[in-house]
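In our numbering, the protein residues as written are 622 to 834. Just so you know, even glycine gets a beta-carbon here, dropped at the ideal spot from N, CA and C. This one's a predicted model, so the numbers in the text were calculated from it and none came from an experiment. Okay, structure first, notes after.
The structure is reproduced here in C-alpha cells:
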C-alpha cells in the first residue's frame, strides 16, 4: 500500500468515525434541533481535516470505483463508535440501541420512492454544504453553509446514507438478521438518491454559473 492509498483509506475511515460519533450524539439528545446542531461537528471535523466522505464527493466528478470504496470504508468507520454503544447494556438491551432500532424501523415503514427522494434532497444539501464551505470567503460563511445543510436535512427528515449506516450499526444488537438486511437494502436506495441529488445540484450550479460568466 503506497502513501496515497494509505491516506485515502485513513481519511475515509476517519470520516465514517466522525459521522458515527455524530449519530451517537444525535441519538443521545432529547431535543432534535440540539442534536442536529451537535451532529454538525462531525462534518466540521471532516472538512477541516481533509476527510473523504461519500456524500461530500458523490456530486463531484469522482470515479465509480472510488465512490464505492469510500461508501464501504465510511460504513466501516461508523461501526467503531457503535461498538462503544454496544457495551452500554441495561437489562439486556443497549441504551442507544433501542432508540436507533426505532429510528431505522420507522424508516423501513416508508416506501422506496420516499427513500430515494429523501436521499436526493439530502444529496442536494450536502453538495451545497461542501461547496459552500470550500468557496466561502471566510470561516463564518463556511460555518453557515454547513449549519444550514446539516440542520436542514435532519429537521426535514432527509436521508443521509452514511448517517443511516451509523444508526444501523448502533441498532444491530436490537434488530433481527432479516431487519438488518432490509435496512441495508434501504440504505443502498438512499445512497443512489444521495448521488442523484449531488449530481443534479452540480449540473444546475455549473450550468447557472457558465451562463452568468
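Other residues of its chain near residue 736: CB distance less than 7 Å, five sequence neighbours each side excluded | By the criterion of a C-beta distance shorter than 7 Å, residue 736 is surrounded in its chain by 780, 807, 810, 811 and 814, once the five residues flanking it on both sides are discounted.
Mind checking which residues open and close the alpha helix (DSSP H) that includes residue 622?
-> Per DSSP, residue 622 belongs to no alpha helix (DSSP H) and is neither H nor E.
Would DSSP call residue 713 helix, strand or coil?
-> With a pLDDT of only 46 at residue 713, under the threshold of 50, the placement of this residue in the model should not be trusted; the figure read from the coordinates follows. If DSSP states are grouped into helix, strand and coil, residue 713 belongs with coil.
Cα separation between residue 826 and residue 749?
-> Spanning the two alpha carbons is a distance of roughly 10 Å.
Can you tell me which of the three DSSP states residue 739 falls into?
-> The three-state secondary structure of residue 739, taken from DSSP, is helix.
Nearest-angstrom Cβ-Cβ length linking residue 665 and residue 647, presumed shorter than 8 Å = Going by Cβ atoms, the distance from residue 665 to residue 647 rounds to 15 Å, so no, they are not a contact pair.
Between the Cα of residue 822 and the Cα atoms of 800, 791 and 751, which residue gives the shortest distance?
-> Cα-wise, what sits closest to residue 822 is 751.
Option nearest residue 719 by Cα separation, candidates 658, 649, 755 and 623 = Of 658, 649, 755 and 623, the residue nearest in Cα terms is 649.
Does the separation of the CB atoms of residue 745 and residue 754 fall below 8 Å?
-> No.
Contact set for residue 696: own chain, Cβ-Cβ below 6 Å, skip 5 residues either direction | 786.
Just mark residue 784 as buried or exposed, buried being the case when its beta carbon has 16 or more other beta carbons within 10 Å.
-> Buried, because 16 or more other Cβ atoms sit within 10 Å of the Cβ of residue 784.
Beta-carbon gap between residue 747 and residue 676 smaller than 8 Å = Contact: yes.
Over what stretch of residues does the alpha helix (DSSP H) that includes residue 762 continue unbroken?
-> Per DSSP, residue 762 belongs to the alpha helix (DSSP H) from 760–777.
Three-state class that DSSP yields for residue 796 in the structure shown | Note: residue 796 maps to coil in three-state DSSP.
So what's residue 757 in DSSP terms, helix, strand or just coil?
-> It is coil, neither helix nor strand.
So the alpha helix (DSSP H) residue 679 belongs to, where does it begin and stop?
-> For residue 679, there is no enclosing alpha helix (DSSP H), as DSSP marks it with neither H nor E.
Can at least three beta-carbon pairs, one atom from the segment 638–647 and one from the segment 686–703, be found at a separation below 8 Å?
-> With the cut-off at 8 Å, the segment 638–647 and the segment 686–703 touch.
Output the distance between the C-alpha atoms of residue 662 and residue 656, rounded to the nearest integer angstrom.
-> Each residue's Cα considered, the two are about 10 Å apart.
The alpha helix (DSSP H) enclosing residue 706, as first and last residue numbers | Per DSSP, residue 706 belongs to the alpha helix (DSSP H) from 685–707.
For residue 667 and residue 674, believed in contact at Cβ under 8 Å, the rounded distance | With a Cβ gap of about 5 Å, residue 674 and residue 667 count as contacting.
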